[in-house]
Every structure is written in C-alpha cells, then in structure tokens.
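Participant:
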Amino acid sequence: MGFNEDRKRYLAGLEDKTYFMLGDEACAYGAIFAGCDFFAGYPITPASEVAERLAEELPKAGGLCIQMEDELASMAAIVGASWTGGRSMTATSGPGFSLMQENIGYAIMTETPCVLVDVQRSGPSTGQATKPAQGDMMQARWGTHGDHNIIALSPNSAQECFDMMQECFNLADTYRTPVILLMDGEIGHIRESVTMPALSSIKPAARKMAKPGEDVFGGEELVPGITHYGMGQNVHVTGSTHKANGMRDVTTPHVHEALVKRIYNKIDDNREKIIRVEKDISQNGQSKIGVIAYGATARPSLGAVRAARDDGKNIDFMRLITIWPFARKQVAEFAKNLDMILVPEMNLGQISREIERFVNCKVVSVPKIGGVPHTVEEIYDAITEVAS
Amino acid sequence: MIIRFVGFGGQGIVLSSYIIGKSAVLDGKRAIQNQSYGSESRGGECRGDVIISDEEIYELEPVNQDVLVALTQPGYEKFIPHLKPGGTLIVDKDLVITDEKMEPENIARYAIPATDIAHKKFGRKIIANMVMLGYMNTLLNQVTFESLEKAVLENVPKGTEKLNLDAMREGIELAKQESAR
Amino acid sequence: MSQPRNQMMNYIREEIMPHRFCPGCGCGTVLNVFTNAIDNLKLDPVKMVCVSGIGCSAWIPSPYFKSDTLHTTHGRPIAFATGVKVMRPDLKVVVIAGDGDVSGIGGNHLIHAARRNIDLSVFMVNNMIYGMTGGQVAPTTPTGVKTSTTPHLNIEPPFQVAELVAAAGASYVARWTTYHVFRLIKAMEEAITKQGFSFIEIVSQCPDNYGRRIGLRTGVEFLKMFKKQAIPIDKARELPEEKLEGRIIVGKLRDRERPEYTSELHRVTKEQVDKIKAEQEKIS
C-alpha cells in the first residue's frame, strides 16, 4: 500500500513531465501520485473518465480499481477499504452523488478518511447529462442528514485537478473525514497542460495512529488516532451514536452531543488551516466593486475583471479554492471596503447567498444555468452595468 | 486563436483538435481543447474546439471562432454563423457546398478535396482529417511542424503512423501550392 | 454454586453483556452457532472482520462478537465488506444480517456479490419480518400474513433468497433453520472455509413481532414448526411443486468451484505491476 516500490517504479515513468489531458484524467493521475490504493466507482457522465483512467493506470502502480453495482456500493466499499489502512476514493456526478449521501454520512459519523470526486453536471435529476454546472455546492455541504461539517475543494484547471488530489487525501487523513473534490463538468472535460511533479516532492500526510487499547472515537484530541482492521484491536465501527471506545450509546443525550460536536468542531476549529483562497486586488486599492468566483467560473470572471481594469475600472477579485468550510473570514475581509460583490456561478446563486451572510455590502448573483459556462463578456457586462 | 473542427463522429474531428492542442503545449504555448458529441459514437454530430494562446486563457467555451474547419454540410451550416468576421473557413470541397449568404463578412474561404485525397491516394477516407490538419496549420502557422509531427505520432493507432504523417504532409504540400499560386 | 464458564464467551465482548435479544429470539442461537463454528475451525478472531447492517440480526456479530466489526448502514454490509476483503484478502470477512437488510434494501448488493463470487461469507437470518421496526412486511413474509403494513393481509409472494443467490453465481449456498443447530454449525464451517461467495439462509424466529401475528407465542413453538416444515433438499427435488407449499427446503443448494473475485482482481493487478517492472528493466 501507499508509496511502495511498485508505485515508485510506475510514477518514475511519469514524473517531471508535462502532458495534455482532461481535468478528469488529471484527477486520476493526481490520485495515483497521492498514493490512492483503492478506487470504487460507477460509470456516469461527466465523471467516467476518472474511473476509466484509474482502471487503466492504478493497477500498474499496484492499486486496486473496481466497478461496483451502484454509487451506494461504491461509497460503502471505499469506507470499508479505508479501515484496512488504504487511501480510498470514488468519483461521480450529481445523480450518483445523491446516492452517495447515505454513506458520506456514515463516513462522517465513523470518522473514515476517504476522498470523493463530484464532477458536477446540470440537474436536478438526470438534467442535462453531458452539460456542466455548479449545482451541487449546497448538496456537498448539507446533502447528508444530520449536523456535520465537510471539506470541499474546487479546482479551476486541469492542473489543479491533479494537484488537489494530494491535498484532498492529506486533509482526509489529517482530519479523519471524507473530503470532496467539487469539480465541475467544464473543468473535468477540458484538456489542458498538466505538469506532474517529481516524486521526491510528494509529501503524503500520515494518519495519526491510536496506541493499542486507546479509544479510537474520542478522547482529548479533536481528531482521535485511528486503528486499522487486522491489528488485533477489535475495533468497533458504527454509524450509530457511539462512545469514545466505539460502542453504541444511542440514548444518552450528552454522548451524542459530545460526539457530534467534536466531529463538527474538528473541522470548524481548524478552518484557518484548511481554507485557501486566491486574491487579485486592484493595484490602487480603491475598488468599490469585487467579484468572487470559484471553479470553472473563476476563469472568465478573472478575465472580465482584468478587461474592466484595462478600461480604467477598479475591481477586486477573489477565488474560493476551499468551498467548505466556507471562507467567511476571508470573504468578510475582502468585502470590508467594497460596496458590492458580484458572484458569477453556474447555479441560481448558491454560494452568493452564503457570501451574503458574512458581508455588509450588497451581493449580486450573476447566475447562469443551461449547460454553457459564463463568457468573459457576460461577466464584463455585469461588472460595467454596476460600475458605470 | 480559436479553431473549431466540425463533422460526424468517426471523421477524427476530436482527434484533430486534440493534436493541435497538444502540439501547442509542446511548443510551450497555452491551449485548451474542448469537445462535444451526441450520445452515438459514430455518425452523430461532432465538434472539437481548440484555443491557443501565449497568455492566460479566460474564455473556456468561446461563442465565436477565428477558424472553422468543416467536414460535413450540417456542421458547416450550424456553425458558420459563429465564425468571426474576417475569420478563416476551410471545408472539404466534396462534402460541403458553401453559401456566401450565410457567411460572416470578409472571411477567407478555402475548399480542398481532403477526403478525396485520403481515399484516392491512401485508400483510407478516415485520414482526411490529417490532410486537413496539415493544410490548416501551414495556412495559419499556429504550431511548429516538429510538435505537430510528434503529437500525431503519439496519438494515432500503432501501425498507422506513417500513413497519418504522409496524409498530413499531403495537406502541407497542398497549402504550399495554394500560397504559391 | 457458580456455573462453569461457557467457553464460547472467549469470542464475546463480555463487557457489553447481557445481550439485547428478546426472549425466544433466534439471534442468540445464531450467535452461539457462529462462535461454535469459529471455535471448531480454530480461527483467530484477530484475522476476521465481521460486517453487519441494520436490524436485529445485525447485532449478532456487532457488537457482540469480539473481532474487528463494521456496523454499517441499512442494506449495505456486503458492499462495505467488499472494500475490506479486496484490500485484505488474508482476513476472513463475514457478513451477518437480516432478510430485510440483505434481500430487501440491499438485494442488489447481494446478487452482484454472488455474481462476482467474492470470498465473503454471508449469513442471512430470515425471520420473515421487519422485527426491530415493529413488524412490517418483509420481502420474505409469506403471502396472506397480516403485518403492521399489510393490515389487509400480504398480497406479495416471498423471495426464495437461497435459490436467488445460487442462481446469481455463489460458490456455496445452504439453507437451515434455528432448529438445525448442529447442521448449521457444520454449514457455517463449510461456508467460511469455502473460497468464493458463500451464503446461508438461516430461517429464524421472531416470537414478538412475527410470532404473535401468526399465532406462535414462543421460540419453542417456532422450532417445532421449523422441524415439521423442514424438508431435505434431496427429498424436495423428488416432489412436485405443489407438495412443497409451506415447506422449508433445507440443506446444501450449491457447492461448486468458480473463479473467486478477490484473487482474480489481485492477479490482474499483479500482471500490470509486473509489466511495468519488465518495461523498466528493459530500459535500464
């Protein structure tokens, strides 16, 4: 498992080179560079290329790749695999992501490190199967029932699809939680150059292991050490409310409260370590208008901001790289001197409403659905309309 | 530079856009390739777009293109309105009947018998896209010949490398004759 | 005078005893049978993972059986177990769950695991009812039975789950009842030892939520009924279908050799690894 000789031998043939590939394919190679040991998935447009590429390549690195009977099973299998100590992942799109919600909740409750890739397509339901969207932003946050926290990242290039797989696995292992790479169909299905790094630069985070006999589901730390199957610890893993030793207790109020609050807080209290944003602030610092975007939409957004600056307008720009936990502090700081923030996104305003909660200025949603990403011109027009 | 290839599935449309994009990356330029096709794998409408730039690419799916390469009549008719005024149109002259009334202003129009050449000279209609590629790139000079050759060699089925390269060179020759005229 | 210690307690998480099964429930019997089978096979529980879903029978291994345990969502234990097994082929992975879990909500996972013939042992405790939730109709409830969600009597025919799994491709399939404890111990030993997907349907009793609907008040009454209804498979094969109405066909339905999924998966994976190795050696 992990970075054994088989994997190093395989990666040696790929490292330190530039390729031209799909965002989906970059994600698959990124996973292999991240030490992914196990993939389980089910075909779905526009995420199938992740599975196809891993089915071809992962075995060459000694990893296992299987196709399950559905997405419920795929999510279940990666949780099972994770408890053997392996880095495990799945990839899907909206309809499959909906089915996975059940066992995402299980992974959260059992504190199982694993990675899900959601290549978002137009919904609800089957929607426009082949068309991109960013409609699962809130589903990623609240799709599974009950109080919980989640980590989700949004790449805006094929290169980031590659790079962020390492980040996802590292976050999953560090915080013992499922992590979602919230791609969109646009980024998944464009081909771009992707540079694979030197193997020596890969630094996978190690899971903190519990000492023999130590509680695996509680204790002093927000993130308890884990133990793996076959280590003689008789670990009991359950999605029901449990005590620090893993044993069920579904009736004592404070047991549930302590468990769920800790699971919630282990991400909330570490939000500043997790969150990444990217800012492009107008040089004279006198902007009154800002644009916040993420994923594919961040590309035409930045293009529009720069075009507006060329016209002499002061516009600030921020890209959300981490979607969840939400960058509320960073967004509030960004908004401090602004009168208005424009939020282009390929949905009807899911993140724009989230931004609204943390700023005092006006927030204007620039939504676009229908399966075609925003053009630079559309966002430019939205900017000039308010910045005249 | 935004180039759109259109045709039916099976004509190597997506591969053509891929090869140009890959060549641009080999040249150290930025490139994005994008494609769409129907759910059928053969015979359906098919397009492959490629954007080549020296700078950061902001537009992921540009509405209008600088170049349209059309290998079918429906593809030509559907996408000709999206060719920018002053742009370049290249069609297979035996497969597409152009109609000036539909076309944007001041475009440069080229019609070559790519499929016919592929069929008569190489016995393989399927490599018409290579004739087109060679022709188009010589005309527009977007990527270096070295990169183009490398990308073709890496991405065509094993055993057909020479055939594909020969077809591409045929297109290059055709373009050279064109400009000499 | 203290009772001698039951040797099977070595396999039990004693700290959480007593168990929560209702008086007369078949789950206790199945737990006892399971520990006996493990003991007879001299299996080290450290080398086992027990996986279960939701429902009364899911509690048989989890939390009571002292090994690594994975108590999953409703219907999904076989899918979770698949992830464990392929990653650790050296561990014995056993799924114990109910009829609603395995053949209702999880039916798809069951038939596909059988089709793959993955080396899991699945023991489905069939009490013919959703017991934990209060006696609702199950895919295994006989036609004509009044349950809390079929107050006007069940109009659906029940699943013949063992036959289904045999048809789907499992290496080993058997059906016994909680009356046949020694046969069941033997069958579990065979199932656990068998390479490939092994499945035992254990017809069991739920006096509280099923028995009272069909006029059987105690576990003993159920066992007497099972004894009467049971017919060995060899005998059943000689009888016309109408004569098998109301009978429980017991015995071994399938015992065959088929390629096993986990070893096949590791074989093709190793082939790919070796290919890369050979390529690299050729270069250097």
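Protein chains in written order, with my numbering: chain G, 75 to 462; chain D, 199 to 379; chain X, 235 to 518.
Using N, Cα and C, we set each Cβ at its ideal position, and we do this for glycine too.
Taking just the CA atoms, how far does residue 328 of chain D sit from residue 369 of chain G?
Facilitator: Taking the straight line from one Cα to the other gives about 35 Å.
Participant: Residue 341 of chain G and residue 399 of chain G look like a contact to me (Cβ under 8 Å); what is the Cβ gap, rounded to whole Å?
Facilitator: Confirmed, about 6 Å.
Participant: So is residue 288 of chain G in contact with chain X if we call contact Cβ pairs under 9 Å?
Facilitator: Not one chain X Cβ lies under 9 Å of residue 288 of chain G.
Participant: Please list, in chain order, the chain G residues whose beta carbon lies closer than 9 Å to that of residue 470 of chain X.
Facilitator: Per Cβ cutoff of 9 Å: no residues; residue 470 of chain X is ~31 Å from chain G at best.
Participant: So, with DSSP's three-state summary, where would you put residue 286 of chain D?
Facilitator: DSSP places residue 286 of chain D in strand when its eight states are reduced to three.
Participant: CB residue 347 of chain X to CB residue 312 of chain X, shorter than 9 Å?
Facilitator: Taking 9 Å as the Cβ cut-off, residue 347 of chain X and residue 312 of chain X qualify as a contacting pair.
Participant: Quick check on residue 238 of chain X: does DSSP put it in helix, strand or coil?
Facilitator: Note: residue 238 of chain X maps to coil in three-state DSSP.
Participant: Buried or exposed: which applies to residue 396 of chain G, given that a residue is buried once 16 or more other Cβ atoms fall within 10 Å of its Cβ?
Facilitator: Residue 396 of chain G comes out buried.
Participant: Report all residues from its chain with a CB closer than 6 Å to the CB of residue 200 of chain D; omit the five preceding and five following residues, and keep chain order.
Facilitator: Here the set comprises 249, 260, 263 and 264.
Participant: Let's test the definition: count the other Cβ atoms within 10 Å of the Cβ of residue 204 of chain D and tell me whether it reaches 16, buried, or not, exposed.
Facilitator: With 16 or more other Cβ atoms within 10 Å, it is buried.
Participant: Quick one, are the C-beta atoms of residue 437 of chain X and residue 482 of chain X less than 9 Å apart?
Facilitator: Yes, these two residues count as a Cβ contact at 9 Å.
Participant: Is the Cβ of residue 394 of chain G closer than 9 Å to any Cβ of chain D?
Facilitator: No, no contact with chain D.
Participant: With distance defined between alpha-carbon atoms, name the residue in D/321, D/290 and D/271 nearest to residue 242 of chain D.
Facilitator: Closest option to residue 242 of chain D, Cα to Cα, is D/271.
Participant: Could you please give the first and the last residue of the uninterrupted beta strand (DSSP E) stretch that includes residue 190 of chain G?
Facilitator: It spans 188-196 - the beta strand (DSSP E) in which residue 190 of chain G sits, taken as one unbroken run.
Participant: Between residue 274 of chain X and residue 242 of chain X, how many whole angstroms is the CB-CB distance? I'm expecting something under 8 Å.
Facilitator: Going by Cβ atoms, the distance from residue 274 of chain X to residue 242 of chain X rounds to 11 Å, so no, they are not a contact pair.
Participant: Got a sec? Which residues, its chain only, sit under 8 Å from residue 217 of chain D by beta carbon, not counting five neighbours each side?
Facilitator: Taken in chain order, the residues that qualify are 331, 346, 349, 350 and 353.
Participant: With DSSP as the reference, please indicate the residues paired to residue 161 of chain G in a beta bridge.
Facilitator: Residue 161 of chain G is not bridged to any residue.
Participant: Mind the definition here: the segment 430-438 of chain G touches the segment 376-394 of chain G only if three or more C-beta pairs lie below 8 Å; say whether that holds.
Facilitator: With a cut-off of 8 Å, the segment 376-394 of chain G and the segment 430-438 of chain G do not count as touching, because too few Cβ pairs lie within range.
Participant: According to the Cβ coordinates, are residue 180 of chain G and residue 153 of chain G closer than 9 Å?
Facilitator: Their beta carbons are under 9 Å apart, which means residue 180 of chain G touches residue 153 of chain G by this criterion.
Participant: Indicate the three-state DSSP secondary structure (helix, strand or coil) for residue 221 of chain D in the structure shown.
Facilitator: DSSP places residue 221 of chain D in helix when its eight states are reduced to three.
Participant: Go to residue 332 of chain D, then tell me how far its alpha helix (DSSP H) extends in each direction, as first and last residue.
Facilitator: Counting along the chain, the alpha helix (DSSP H) containing residue 332 of chain D begins and ends at 326-338.
Participant: Do the segment 478-498 of chain X and the segment 507-517 of chain X make contact, defined as three or more Cβ pairs closer than 8 Å?
Facilitator: Touching, no.
Participant: Looking at the C-beta of residue 223 of chain D, does it have a partner C-beta in chain G at a distance below 9 Å?
Facilitator: Yes, contact with chain G.
Participant: Find the nearest neighbour of residue 360 of chain X within the set X/367, X/507, X/374 and X/354, judged by alpha-carbon distance.
Facilitator: It is X/374 whose Cα lies nearest to the Cα of residue 360 of chain X.
Participant: Report the CB separation of residue 484 of chain X from residue 414 of chain X in whole angstroms; it is logged as a contact under 8 Å.
Facilitator: At roughly 6 Å, the Cβ-Cβ gap stays under 8 Å, so residue 484 of chain X and residue 414 of chain X are in contact.
Participant: Go ahead and pull the three-state DSSP assignment for residue 257 of chain G.
Facilitator: In the structure shown, residue 257 of chain G sits in a strand (DSSP, three-state: E or B).
Participant: State yes or no: is the beta carbon of residue 399 of chain X nearer than 9 Å to at least one beta carbon in chain G?
Facilitator: False, the Cβ-Cβ gap to chain G never drops below 9 Å.
Participant: Can you tell me which residues form a DSSP beta bridge with residue 263 of chain D?
Facilitator: DSSP output for residue 263 of chain D lists D/281 as bridge partner(s).
Participant: Mind listing the chain D neighbours of residue 172 of chain G? Cutoff is C-beta to C-beta under 9 Å, in chain order.
Facilitator: Under the 9 Å cutoff, chain D gives no residues; its nearest Cβ is about 22 Å from residue 172 of chain G.
Participant: Compare the C-beta of residue 151 of chain G with all C-beta atoms of chain X and state if any pair is closer than 9 Å.
Facilitator: Closer than 9 Å to some Cβ of chain X, the Cβ of residue 151 of chain G qualifies, so yes.
Participant: When you compare the CB of residue 377 of chain G with every CB in chain D, is at least one pair closer than 9 Å?
Facilitator: So yes, residue 377 of chain G belongs to the interface.
Participant: What residues from chain G crowd round residue 340 of chain D, counting only those whose CB sits closer than 9 Å?
Facilitator: By Cβ distance, chain G contributes nothing, its closest Cβ being about 15 Å from residue 340 of chain D, past 9 Å.
Participant: Which of helix, strand or coil does DSSP assign to residue 209 of chain D?
Facilitator: Residue 209 of chain D falls in the coil class under three-state DSSP.
Participant: If you compare alpha carbons, which of X/462, X/461 and X/439 is closest to residue 451 of chain X?
Facilitator: The option with the nearest alpha carbon to residue 451 of chain X is X/439.
Participant: Closer than 9 Å, CB to CB, is residue 266 of chain G near chain D or not?
Facilitator: True, the Cβ-Cβ gap to chain D drops below 9 Å.
Participant: Within 9 Å (strictly less), CB to CB, does residue 80 of chain G reach chain C?
Facilitator: In the structure shown, chain C cannot be found, because the protein chains are G, D and X.
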